[in-house]
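Numbering (the numbering used here), first residue to last: 2 to 180. Here a beta-carbon is modelled for each residue, glycine too, at the ideal position from N, C-alpha and C. Predicted model only: the values in this text are computed from it and were never measured.
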């Protein structure tokens, strides 16, 4: 009859015992150090940071605007801002300033058409996000895959273009991850 009681104590001990070699408690100082480390890693990749911030701005638009016309105007603002940034005259918008700096660094590293590819992909994300501002459900799995390809995969293509790595296999992998 005491058997369930013994099993219960045994399970409680397993739950309460931290794994060997693991620290028992993560302090606030540990979290602060981890956050600083992760931020420093991101800051080394200006293009990544700028493109992800742009995506965040676009994703949030349907929730922060009360009128669809205002949403359309904000999308137009981002289209024009991206065009100006790639033309070398970024507006005083933090995302555009950081993206401009990343493009300057990219042009200094390589003389390829990478910047125009990034511009194409950024505009593609804006166009797709604008098309789906109303947050309607997707009619089919194919429509959802197309949306994923034109947003998340496209962001990965843009980030990969800003890096020195060039590979068809990596682009193919980015497509699958985005979907």
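Kindly give me the distance between the Cβ atoms of residue i and residue j, rounded to whole angstroms, as I take these residues to be in contact under 8 Å.
i: residue 159; j: residue 123; result: 6 Å
i: residue 96; j: residue 54; result: 5 Å
i: residue 103; j: residue 51; result: 6 Å
i: residue 169; j: residue 69; result: Actually they do not touch by this definition, with Cβ atoms about 39 Å apart.
i: residue 151; j: residue 125; result: 6 Å
i: residue 26; j: residue 83; result: With a Cβ gap of about 46 Å, residue 26 and residue 83 do not count as contacting.
Quick one, are the C-beta atoms of residue i and residue j less than 7 Å apart?
i: residue 156; j: residue 56; result: yes
i: residue 101; j: residue 115; result: no
i: residue 130; j: residue 59; result: yes
i: residue 47; j: residue 107; result: no
i: residue 75; j: residue 62; result: yes
Which same chain residues end up closer than 6 Å to residue i when comparing Cβ atoms and leaving out the 5 residues on each side of it in sequence?
i: residue 164; result: none
Looking only at its chain, what residues have a beta carbon closer than 7 Å to the beta carbon of residue i, apart from the 5 residues adjacent to it on each side?
i: residue 139; result: 145 and 148
i: residue 38; result: none
Whose C-beta lies closer than 8 Å to the C-beta of residue i among residues of the same chain, with five residues either side of it excluded?
i: residue 22; result: Confidence at residue 22 is low in this model, with a pLDDT of 48, below 50, so the placement of that residue should be treated as unreliable; the coordinate-derived value is given next. Here the set comprises nothing.
i: residue 73; result: 131 and 134
i: residue 71; result: none
Report task. Would you mind listing the alpha helix (DSSP H) stretches within the segment 24-97 that are 4+ residues and don't spill past its ends, in chain order? Result -> You should have 29-44, 47-65 and 69-87.
Query raised in the report: What residue ranges within the segment 134-163 form continuous alpha helix (DSSP H) runs of no fewer than 4 residues, ordered along the chain?
Result: 142-149 and 155-163
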